[in-house]
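Chains as they are written, first to last, in the working numbering: chain A, 40 to 256; chain B, 40 to 256.
There are 2 protein chains.
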Amino acid sequence: MANKINIAVVDDQQLFRKGIVALLRQIKDFNICFEAENGEDFFEKLEDEITPDVILLDLQMPVMDGIATTVKLKKRFPEVKIIILTMHDEEEMIVHLIEKGAHGFLPKNEEIKNVIDSIYSVHQTGHFFNEKVSQALVRGLMSSKKITPIFENTELNEREIKIVQLICKELTSPEIGKELLLSTKTIDNHRMEILKKVGARNTAGLVMYAMKKGLIS
Amino acid sequence: MANKINIAVVDDQQLFRKGIVALLRQIKDFNICFEAENGEDFFEKLEDEITPDVILLDLQMPVMDGIATTVKLKKRFPEVKIIILTMHDEEEMIVHLIEKGAHGFLPKNEEIKNVIDSIYSVHQTGHFFNEKVSQALVRGLMSSKKITPIFENTELNEREIKIVQLICKELTSPEIGKELLLSTKTIDNHRMEILKKVGARNTAGLVMYAMKKGLIS
DNA sequence: TGATAAAAAGGTAATTCTACCTTTTTCATT
DNA sequence: AATGAAAAAGGTAGAATTACCTTTTTATCA
């Protein structure tokens, strides 16, 4: 291999980030361009530093999260390969992110050698999916026409996300209505719509969804 | 300093564990005895390996979590210093764990140099607390008599945890009653008790608590 | 301006959850 | 066998949530 693979790591957990960087530095083929704490930080550093071939990108970050970073990076630098670091394995999220432009997924509790493999794989073949991801993909692609509408349906709009956040803050529908200057009834209707969209039966399921998706500020 | 400080790292996230170990190996004063994936794994390895002076211990782990490990280690090897790795900064947890025998706390998103410092500090002075922890301590010790009862009240027993888990699986009280062969009424009473213990207003707060504490399997 | 879709709000009802009680049952310990 | 504590269950009631509708308002675009 002629040149080294340029890699950037974007994660707000310093300890985790420094750790993985220390590991990757041990590989001769790899060159760590730079690290960043979040999407905003990443794009700032992108101006000055070498453009990476591959970035390892955390999903849950303050300021600018993994999804927003993926979307923006795809527009500005479509040639950069993106590997998403996931905490729990979230199937819906995976298909969603592939549509947004992610090239691979790496559970944060993954074995070390798979981390190395994933970078080689993404760099050479353009993608890396472990078993779980592949399975999720197959399920999703079974009825490929449904993919787009599924995500239009499962994605919450701004107002709905705001309501979910207030629910997670233990507010009741009347309280949320007061907060957002809407009637209790409107909030209730939104709640029903949200439940339908995320496939939850009740408030408990809703909160679980919110936590998994990192909707909580 | 005559001898190196022997350190063990216990964390189920391989990536994180290997990362921090790689970092610590760079410090001359440190010697990494061994790593473990959880409490059970740790005690097994403790039989064969050198007894560490300090262990870095993750709170959220399957099989045997940080709390259980702290308690057991305190009984068997009271001279070993324990630094707890915390995800979010959870005040109640901190005072609780100090009572159980922890010597220091390290948020997982802490700066690198503080990791090194914390190990030196724990080894030499017997403790390490950053600002947040200290503040939490002051608040907790303001009314020192209340400390013990607070934790007895905030801790959930087995049955209560089971109920919380079923709530998080979107089951309703009647369904949980059927599942556990108890009346709906009993479940409702448990729910009330749980809400009181964890200081939640409603199901949303309950689920948030469960997620934060890692009660979900 | 008129058509259309989306957002907001209302109607109604069943179910569930929250709250504060009391009573019964179970179990361990003296 | 008696006691006391904890678990289980019942009573009652009000508030909140879930469910499925219809109607009104708002915004947008042709």
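We put the CB at the ideal spot given by N, CA and C, even for glycine.
Pairwise C-alpha distance: residue j and residue i
{"i": "I215(A)", "j": "L245(A)", "result": "16 Å"}
{"i": "G179(B)", "j": "D156(B)", "result": "Confidence at G179(B) is low in this model, with a pLDDT of 43, below 50, so its placement is unreliable and the value that follows should be read with caution. Distance between the alpha carbons of G179(B) and D156(B) is about 25 Å."}
{"i": "L234(B)", "j": "S212(A)", "result": "19 Å"}
{"i": "R56(A)", "j": "I151(B)", "result": "10 Å"}
{"i": "R198(A)", "j": "Q204(B)", "result": "29 Å"}
{"i": "G238(A)", "j": "R240(B)", "result": "24 Å"}
{"i": "L85(B)", "j": "S222(B)", "result": "45 Å"}
{"i": "E83(A)", "j": "T109(A)", "result": "15 Å"}
{"i": "R230(A)", "j": "I202(A)", "result": "8 Å"}
{"i": "F190(A)", "j": "E209(A)", "result": "Annotation note: pLDDT 32 at F190(A) (below 50); position unreliable, coordinate value reported separately. Spanning the two alpha carbons is a distance of roughly 27 Å."}
{"i": "D50(A)", "j": "N228(B)", "result": "43 Å"}
{"i": "N42(B)", "j": "D68(B)", "result": "8 Å"}
{"i": "K217(B)", "j": "I206(B)", "result": "13 Å"}
{"i": "A47(B)", "j": "K147(B)", "result": "16 Å"}
{"i": "I94(B)", "j": "G140(B)", "result": "12 Å"}
{"i": "F144(B)", "j": "L220(A)", "result": "43 Å"}
{"i": "L136(B)", "j": "V154(A)", "result": "34 Å"}
{"i": "R64(A)", "j": "E149(B)", "result": "21 Å"}
{"i": "A54(B)", "j": "D92(B)", "result": "In the sequence under discussion, the amino acid at residue 54(B) is Leu, which differs from the Ala named in the question. One C-alpha to the other measures close to 23 Å."}
{"i": "T242(B)", "j": "T225(A)", "result": "21 Å"}
{"i": "H142(A)", "j": "E88(A)", "result": "22 Å"}
{"i": "E79(A)", "j": "E232(B)", "result": "44 Å"}
{"i": "G58(B)", "j": "K236(A)", "result": "38 Å"}
{"i": "H166(A)", "j": "V161(B)", "result": "44 Å"}
{"i": "A61(B)", "j": "A61(A)", "result": "7 Å"}
{"i": "A75(B)", "j": "F81(B)", "result": "5 Å"}
{"i": "Q99(B)", "j": "T90(A)", "result": "36 Å"}
{"i": "G105(B)", "j": "M103(A)", "result": "31 Å"}
{"i": "I158(B)", "j": "I71(B)", "result": "12 Å"}
{"i": "I66(A)", "j": "N196(A)", "result": "43 Å"}
{"i": "Q163(B)", "j": "A107(B)", "result": "25 Å"}
{"i": "I255(A)", "j": "A249(A)", "result": "7 Å"}
{"i": "K252(B)", "j": "I44(A)", "result": "39 Å"}
{"i": "I122(A)", "j": "L96(A)", "result": "6 Å"}
{"i": "I200(A)", "j": "K114(B)", "result": "47 Å"}
{"i": "T125(B)", "j": "N77(B)", "result": "15 Å"}
Residue i - containing alpha helix (DSSP H), residue span
{"i": "F144(A)", "result": "Counting along the chain, F144(A) falls outside any alpha helix (DSSP H), though it belongs to the beta strand (DSSP E) covering G143 to P146."}
{"i": "I106(B)", "result": "G105 to R115"}
Element boundaries [beta strand (DSSP E), containing residue i]
{"i": "D97(B)", "result": "V93 to D97"}
{"i": "A67(A)", "result": "As written in the sequence, residue 67(A) is Lys, which differs from the Ala given in the question. Careful: K67(A) lies outside any beta strand (DSSP E) and carries neither H nor E."}
{"i": "I89(B)", "result": "I89(B) -> no beta strand (DSSP E), and no H or E assigned at all."}
{"i": "K120(B)", "result": "K120 to T125"}
According to DSSP, residues forming a beta bridge with residue i
{"i": "A75(B)", "result": "V49(B)"}
{"i": "T82(B)", "result": "Contrary to the premise, residue 82(B) reads as Phe rather than Thr in this sequence. Bridge partners of F82(B): none, in fact."}
{"i": "I158(A)", "result": "Its beta-bridge partners do not exist; DSSP assigns none."}
{"i": "F167(B)", "result": "G143(B)"}
{"i": "I44(B)", "result": "F69(B)"}
Any non-hydrogen atom of the ligand PLP closer than 7 Å to residue i Cβ
{"i": "L195(A)", "result": "Only the bare structure without any ligand can be found here, which leaves the ligand PLP out of the picture."}
Just list the beta strand (DSSP E) runs in the region 191-255 of chain B, keeping only unbroken ones of 3 residues or longer that don't cross its boundaries, in chain order.
Fully enclosed beta strand (DSSP E) runs of 3 or longer: not present.
What residues from the region 50-82 of chain A come within 7 Å of chain B, judged by C-beta to C-beta, listed N to C?
So the list reads D51, Q52, Q53, L54, F55, K57, G58, I59, A61 and L62, given in the order they occur along the chain.
Which residues, in order along the region 231-254 of chain A, keep a beta-carbon less than 7 Å from a beta-carbon of chain B?
Within the region 231-254 of chain A, A239, R240, N241, T242, A243, G244, V246, M247 and M250 place their CB atoms closer than 7 Å to a CB of chain B, listed in sequence order.
If contact means a Cβ-Cβ distance below 9 Å, which residues of the region 205-219 of chain A contact chain B?
Here the close residues are I206, C207, K208, E209, L210 and T211.
Which residues, in order along the region 141-156 of chain A, keep a beta-carbon less than 9 Å from a beta-carbon of chain B?
Listed by position, the residues of the region 141-156 of chain A near chain B (Cβ gap below 9 Å) are L145, P146, K147, N148, E149, E150, I151 and V154.
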